[in-house]
Amino acid sequence: MLQLNRTKANALLLGVTGGIASGKTTVANLFADLGVAIIDFDIISRQVVEPGMPSFEEIVEFFGEEIVDRDGHLDRKILSGIVFQDERKRKRLEDILHPRIVDTFIGQANEITKKAPDAIIQAVIPLLFEVGLQDLVHKTLVVYISRERQIERLIKRDKITRDHAANIIKAQLPIAEKAGMADFVINNENSLDDTKSQVEELWKKLKQIQDNP
Ligand code: ATP
């Protein structure tokens, strides 16, 4: 379990995950309306590979200059192409990135709890279960929608074909499987109001857990 700066900290870390377009951001924003802080792993994973960051240097050293674009940034498309085809290189990339992402996350969580020792913090981690990051958080939440609804929302949001959407979803761990591993599930199948009520219920529960650990 993540060791927060426990001077007096009674913070609760909620790992929020789900599938593509299942509503993680939507749910995170509803929690934020209730005062819950957000740490976004997608943002952190982009920050740690900014030019000049240690991960950037290590990646360039291993993969070579061809993964740097004209502006001096990492060319994520070329890099994903390389690691998609080579398991050993994918593992190396993960080994470089993973510790930095976790360190940055712990740093951000500590910053929040320094100011608010009783904070509830949500860490939005798309690949929480795939990467095995359960131990970083106290509780896990899966934002669930059915496969059909997921396809619909993905088509609408990203303006892609049904086949394309179905293929993206097929390559991911099914949300139902993730839901089976989570402490909590929010069903985001229906209206935003319905989801909002579930978020409010869960927020009350988390407060209770925090008050009676
Ligand atoms: P990604 O994995 O791609 O980052 P996500 O899991 O964060 O996606 P969102 O971006 O929150 O998902 O939601 C996906 C799309 O579905 C968005 O266009 C959002 O506006 C829409 N959406 C989310 N929840 C609902 C809902 N309850 N009703 C209707 N539309 C919704």
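Under this note's numbering, the first residue of the sequence shown is numbered -11, with each subsequent residue one higher. Think of the CB as a built atom: it goes at the ideal place given N, C-alpha and C, for glycine as much as any other residue.
* Give the straight-line distance between the Cα atoms of Ile139 and Gln35, rounded to the nearest whole angstrom. => 30 Å
* If you draw a straight line from the alpha carbon of Pro162 to that of Ser179, how long is it in whole angstroms? -> 22 Å
* Asked: Buried or exposed: which applies to Thr(-5), given that a residue is buried once 16 or more other Cβ atoms fall within 10 Å of its Cβ?
  -> Reliability of the predicted coordinates at Thr(-5) is poor, the pLDDT of 42 falling under 50, and no value is obtained from them.
* To do: May I have a chain-ordered list of the alpha helix (DSSP H) segments no shorter than 4 residues that lie completely inside the segment 29 to 107?
  => 29 to 35, 42 to 51, 64 to 73, 75 to 103
* To do: Express the C-alpha separation of Lys12 and Phe44 in angstroms, rounding to a whole number.
  => 28 Å
* Let me know if Ser33 comes out buried or exposed under the rule of 16 or more other beta-carbons within 10 Å of its beta-carbon. => buried
* To do: On the DSSP bridge assignment, give the partners of Ile109 in chain order.
  => Leu1, Ala25
* Asked: Taking C-alpha atoms, which residue in Pro39, Pro42, Ile148, Ser134 lies nearest to Val173?
  -> Ser134
* Backbone secondary structure at Ile8 - three-state DSSP -> coil
* Going by DSSP, what residues sit across from Phe172 in a beta bridge? -> Leu129
* By DSSP, does Thr149 sit in helix, in strand, or in coil? -> coil
* Residue from Thr149, Pro87, Val112, Glu99 with nearest C-alpha to Ala20 -> Val112
* **Asn(-7) (DSSP reduced to helix, strand or coil)** => Note on Asn(-7): pLDDT 48, under 50, position unreliable in the model; the coordinate value appears next. In this structure, Asn(-7) counts as coil in the three-state DSSP scheme.
* **Minimum C-alpha distance to Ile26 - residue among Gly120, Glu46, Leu1** => Leu1
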